[in-house]
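I have placed the structure first, in the form of structure tokens, so that the comments after it can refer back to it.
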Amino acid sequence: MTATEASSPFILVLEDEPDIARLICDALAGYGFRSEHIRTGREFLARARQTSPDLVIIDLGLPDMDGMQVVRELQDGSPCAVLILTGRNDITDRVLGLELGADDYIVKPFEPRELVARVRSILRRYMRTAAPEAPADVTASERTIARFANWCFDSGRHALARPDGDEVSLSAAEATLLLALLRSPNRILSREQLLGERDVDPFDRSIDVRISRLRRKLDDDPHSPKLIKTVYGAGYLFSAQVSWE
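Numbering (the UniProt record's numbering), first residue to last: 1 to 245.
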């Protein structure tokens with residue numbers, strides 16, 4: 001493997017149909033991505049723990065377990081970016097997938113170039129919020145721990161600790177969203193800024209679902225939030241002082 005290949009994003013593909021899996025992997029390879037194909041949910045979860053992929057593509061219809069359960073267990077144990085691929089065209093499934101920590105959802109049959117575009121978009125969001133900004137006299141690697149309202153967030157480990165010290169499990173999508181908010185406290189951030197996209201479909205509610213999920217984990221009352229406030233027509237504002245160390 002060359003140095004360039006080793007540095008390219010690694011994508012784990014969970015798909016039980018060999019022809020579709022081959023189509024996905026060939027499309028990814030054509031755009032410089034490394035990928036590996038797994039056929040069953042249990043094998044996939046074990047492999048994800050071993051390889052720490054940059055992104056996973058998960059089919060919901062599997063022979064050994066439901067794909068939604070795979071997403072749930074993945075985000076509990078080895079959180080990472082998730083693209084759901086499925087033949088189910090049900091809005092309930094889409095919302096549930098996003099609630100469980102998925103970043104995007106694409107329905108079969110699909111155009112390989114669209115799938116690659118979705119993959120690129122997801123990875124771009126993660127890269128744009130990969131590390132907090134730091135003053136010139138302190139390197140980013142030295143400022144990975146944020147403290148706010150007696151909470152503590154370690155951006156290097158995606159670890160969130162309550163005021164009493166207990167850790168809260170965060171998916172990769174939740175950790176990335178929290179990091180984006182912590183980097184710009186007391187500033188209004190648009191949905192486009194939080195997603196890392198210039199143009200967001202006005203009917204795309206994925207960021208709202210993630211905000212709702214993050215509020216619950218921060219014990220932030222959704223009816224009267226104190227930390228993550230909605231600024232109607234503009235976006236969201238993280239209302240707390242944040243210190244980095």
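Virtual Cβ for every residue (Gly too), placed ideally from N, Cα, C.
Since the structure is predicted, the reported quantities are computational estimates derived from the model, not experimental observations.
query	result
Status (buried if at least 16 other CB within 10 Å, exposed otherwise) for R183	buried
Three-state secondary structure (DSSP) of R162	coil
Buried versus exposed, by CB contacts within 10 Å (16 or more), S171	buried
Pick from Y31, V209, R162 that is closest to V116, judged by C-alpha positions	Y31
Nonlocal neighbours in the same chain, by C-beta distance under 7 Å from D154, ignoring five residues either side	T144, I145
Cβ neighbour criterion (16 or more within 10 Å) applied to P109	exposed
Cα-Cα separation between S121 and L83, rounded to whole angstroms	11 Å
Closest Cα partner of G165 within the set G156, A149, G61	A149
Bridge-paired residues (DSSP) for E114	Bridge partners of E114: none, in fact.
Opening and closing residue of the beta strand (DSSP E) in which E36 lies	34-38
Nearest neighbour of A27, chosen from R118, K226, R187, V168 [CA to CA]	R118
N-terminal and C-terminal residue of the alpha helix (DSSP H) that A240 is part of	Careful: A240 lies outside any alpha helix (DSSP H) and carries neither H nor E.
P79 to P185 span [Cα, whole Å]	25 Å
Nearest neighbour of S190, chosen from V242, D219, I228, G67 [CA to CA]	I228
Test item: CB-CB of A61 and G41 under 8 Å	Inspection of the sequence shows that residue 61 is occupied by Gly rather than by Ala. No, the Cβ-Cβ distance between G61 and G41 is not below 8 Å.
Option in L178, S35, L96 with minimal Cα separation from D66	L96
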